[in-house]
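Encoded as structure tokens, the structure appears first; notes follow it.
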Amino acid sequence: MARPRLVAALALLLAGGCIQFEHGPTTDGPGQAGTTTGEDEEPPPVVDCDPLSQDCPDGQACSLVGGDFSCIEVFVDGGLGDPCQAAGECSPGLVCLPAGALGGCDGSSCCSPLCDVSDTGAQCGSASEVCAPVLTGDDVPPMYADYGVCRLP
Numbered sequence: 632m633a634r635p636r637l638v639a640a641l642a643l644l645l646a647g648g649c650i651q652f653e654h655g656p657t658t659d660g661p662g663q664a665g666t667t668t669g670e671d672e673e674p675p676p677v678v679d680c681d682p683l684s685q686d687c688p689d690g691q692a693c694s695l696v697g698g699d700f701s702c703i704e705v706f707v708d709g710g711l712g713d714p715c716q717a718a719g720e721c722s723p724g725l726v727c728l729p730a731g732a733l734g735g736c737d738g739s740s741c742c743s744p745l746c747d748v749s750d751t752g753a754q755c756g757s758a759s760e761v762c763a764p765v766l767t768g769d770d771v772p773p774m775y776a777d778y779g780v781c782r783l784p
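Note that our numbering has the sequence shown beginning at 632, numbered continuously upward.
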């Protein structure tokens, strides 16, 4: 389980962010015995920013990094439908998705808008795209339920 955290930490480091790891014994206060959190327990998701409101500082975008939404530095101000290679190459409110997930992309990946899946009138870049949840499955945290991205159904 440590390998995904390492990848997330490296991605965040390359994006100019910080990450704090909390493992092993913790203490309740000075002089008190600590409790072990356990290696098998996953920490709860951290939402450092809101991808729908893009509440990051100037020059940064709220993007999904290692399973959590975090502010990352934007290196290229890619617009809707512009080719991209990775996170940080799309303007705030857009994410880099593989071309196969999009209706019209002239590169291997392109910038696509984030959207609110509970907004039935969400507008996407192409008529063939829909606002689909960013994360799927039974273990998606409730706080992520409305976060979507425009993509092919």
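Glycine included, each C-beta is placed from N, C-alpha and C at the ideal position. Given the structure is predicted, the values throughout are model-derived calculations rather than measurements.
Practice problem: Would you mind sorting G709 into buried or exposed? The rule is 16 or more other CB atoms within 10 Å of its CB. | Solution: Under a 10 Å Cβ-count criterion, G709 is classified as buried, with 16 or more other Cβ atoms of the shown protein chains found around its own Cβ.
Quiz prompt | Among A730, S701 and E704, nearest to C715 - alpha-carbon criterion | solution = Each of A730, S701 and E704 was checked against the Cα of C715, and the nearest Cα belongs to A730.
Quiz item: Considering only the beta carbon of each residue, do V726 and S757 sit closer than 8 angstroms?
Solution: Contact: no.
Quiz item: Which partner residues does S701 have in the DSSP bridge list?
Solution: S701 has S694 as its beta-bridge partners, per DSSP.
Quiz prompt | P764, DSSP secondary structure in three states | solution = In the structure shown, P764 sits in a strand (DSSP, three-state: E or B).
Exercise. Give a yes or no on contact between the segment 731–739 and the segment 769–784, applying the rule of three or more CB pairs nearer than 8 angstroms.
Key: With the cut-off at 8 angstroms, the segment 731–739 and the segment 769–784 touch.
Practice problem: Look up G752 in the DSSP assignment and say whether it is helix, strand or coil. | Solution: Three-state DSSP puts G752 in coil, outside helix and strand.
Exercise. For D689, count neighbouring Cβ atoms within 10 angstroms of its own Cβ and tell me buried if that reaches 16, exposed if not.
Key: Burial call: exposed.
Exercise. Just grab the DSSP bridge partners of S743 for me.
Key: In the DSSP assignment, S743 is bridged to V726.
Quiz item: Which partner residues does G779 have in the DSSP bridge list?
Solution: For G779, the beta-bridge partners assigned by DSSP are C746 and P764.
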